[in-house]
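Written below as structure tokens is the structure these notes are about.
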DNA sequence: TATTTTTGGATTGTTAACAATCTGTGTTAT
DNA sequence: ATAACACAGATTGTTAACAATCCAAAAATA
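Chains as they are written, first to last, in UniProt numbering: chain A, 1 to 239; chain B, 1 to 239.
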């Protein structure tokens, strides 16, 4: 079983009557968000079409979409690889997150229903549980999930979509550069953010979120040199 | 000659050794930005592959990319259409622009070189010229071009990319809902923005840009009802 | 006449075979 | 022993033929 197969194995293979391309794209995005697929991994067309029991054309289409999302790098005649953001990319991505989540956050303060706040709190509980059990993969996934959920509460699909892209890339960055300790969202920062939203205090919420993002970014250690490259990503130097 | 062919005719058909898919994508994006292609227009695969003298597979790939950019809506078994943003989409898009351009603008104040400022001023001159001649298509294109150029000066490729997407959709929106008069960026707003950047005054620049975007948005008239739909876009109601 | 059904053409979706390119291995020559 | 070269397997890129679906106009029915 290839590494890619392992990473994507326990996925959305239940048919669910959704278009095939969507299933492939979402499976790969999930795997990246959960850090089961790491930066630089090659996504071979054969491997994927075997995995999803489909035509290479479908895989090709899916890879084109992922390339447009900037989550996959496509090198002509060489193939598709999970993107490996450079340290500069990382800084740009986190600046973009601050710009976008700032507004998402204010929207959330204005528009959150009681149901939304309940959902957020229930998510917090899940995060705490995962951390309590020392279940790191789940903690990583839920940590991103909190931000995505907040995006939904903000009710601006354009901003949500960008945020999902950016958190995806943040997962790659953390996988590449995260120091072994720390790095995960301190969940009490999430909790205090929900408090501020419930209190309908936009300025506090915005400030908390901004600090939170700076903490995450600060927790990243840009080794002075190249990213910890495993064979494949050597090829991936951005032009 | 089909309407699509007319819109894309005078385009980047010079080969330029760039990958074919890129040429198709960029041609269509340019045509949308210039409002030669209007919302709801069908992008038939045959028509495009004839136009670009290429395989349908290439067209398909290009359309997948444009769909990922949210500039094209893909309806299964029916085809690809230039997206028709709803009034709610428009509000979301302009809010996103404010969130993003705010930061781009501060970046520009911090990082603009003398060359950058010269470029901006030269762009302003072109805008003035186009308006003076009453050349509306050129004025529309250059008006968007100013914002895109500002994005480049900000030197955050992530934000620039989102801005390019958003200004593209803004072109569609303006094409759909713009009242006949007004609506174009008042170029003196652009000019004053450049002044603020040259004066290295981030707060003034940010304020000017925010107001500028609100003016554009205010100039849009959301007819209470459906967008001015020409046959095809009737099919395009978002799910 | 108005509504439904049928039917033909056109368009999109799918598949498989073929061509071009790359990667790694093994050989040869210096 | 090292470097350049050549070959074979594997991977990506391209193309064309075929199948399924949709759309619009004509025919049939009420």
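Yeah, the Cβ is synthetic: ideal placement off N, Cα and C, and Gly gets one too.
- Within the segment 62-143 of chain A, the runs of alpha helix (DSSP H) at least 4 residues long that lie entirely inside it are, in chain order, 87-111, 114-132.
- By the beta-carbon neighbour count (other beta carbons within 10 angstroms, threshold 16), residue 95/B is buried.
- Residues of chain B whose Cβ lies closer than 8 Å to the Cβ of residue 102/A are, in chain order, 99.
- Residue 175/A: member of the alpha helix (DSSP H) spanning 157-177, first to last residue.
- Residue contact with chain B for residue 162/A: present (Cβ-Cβ distance below 8 Å to some residue of chain B).
- Where residue 22/A is concerned, the enclosing alpha helix (DSSP H) starts and stops at 20-33.
- Pairing residue 18/B with residue 60/B, the inter-Cα distance amounts to about 18 Å.
- Residues of the segment 144-172 of chain A with a C-beta less than 8 Å from any C-beta of chain B: 156, 157, 158, 159, 161, 162, 166, listed in chain order.
- In this structure the segment 135-150 of chain B lies against the segment 32-47 of chain B, because at least three pairs of beta carbons, one per stretch, are closer than 8 Å.
- For residue 95/A, the nearest CB of chain B lies under 8 Å from its own CB, placing it at the interface with that chain.
- Contact between residue 127/B and residue 190/B is confirmed by a C-beta separation of about 7 Å, below the 8 Å threshold.
- Just so you know, the alpha carbons of residue 105/A and residue 92/B end up roughly 14 Å apart.
- DSSP, read as helix, strand or coil, puts residue 43/B in strand.
- Nearest CB-CB separation between residue 177/B and chain A: not below the 8 Å threshold.
- Within the same chain, Cβ atoms closer than 6 Å to the Cβ of residue 87/A are found at 222, the five residues on either side in sequence being excluded.
- Of all residues in the segment 64-82 of chain A, those with a C-beta nearer than 9 Å to a C-beta of chain B are 64, 65, 66, 67, 68, 69, 70, 76, reading in chain order.
- Each residue's CA atom was taken as its position, placing residue 53/A and residue 73/B some 27 Å apart.
- Counting only Cβ-Cβ distances below 7 Å, residue 56/A has no contacts in chain B at all, with the closest Cβ about 11 Å away.
- Among the CB atoms of chain B, one or more fall inside 8 Å of the CB of residue 92/A.
- The beta carbon of residue 202/B does not come within 8 Å of any beta carbon belonging to chain A, so the residue lies off that interface.
- Counting C-beta pairs closer than 8 Å gives three or more between the segment 200-209 of chain B and the segment 107-127 of chain B, which meets the contact rule.
- With respect to residue 163/B, residue 217/B sits apart: the two C-beta atoms are not nearer than 8 Å.
- When 9 Å is used as the limit between beta carbons, residue 19/B is near these residues of chain A: 76, in chain order.
- By the Cβ-count criterion, residue 125/A is exposed, with fewer than 16 other Cβ atoms from all chains shown falling within 10 Å of its own Cβ.
- Taking the beta carbon of residue 61/B as reference, the chain A residues within 8 Å of it are 60, 61, 64, listed in sequence order.
- Looking only at 41/A, 45/A, 39/A, the smallest Cα-Cα distance to residue 24/A is reached by 45/A.
- DSSP lists no bridge partner for residue 216/A.
- Here residue 116/A is buried, its C-beta having at least 16 other C-beta atoms within 10 Å.
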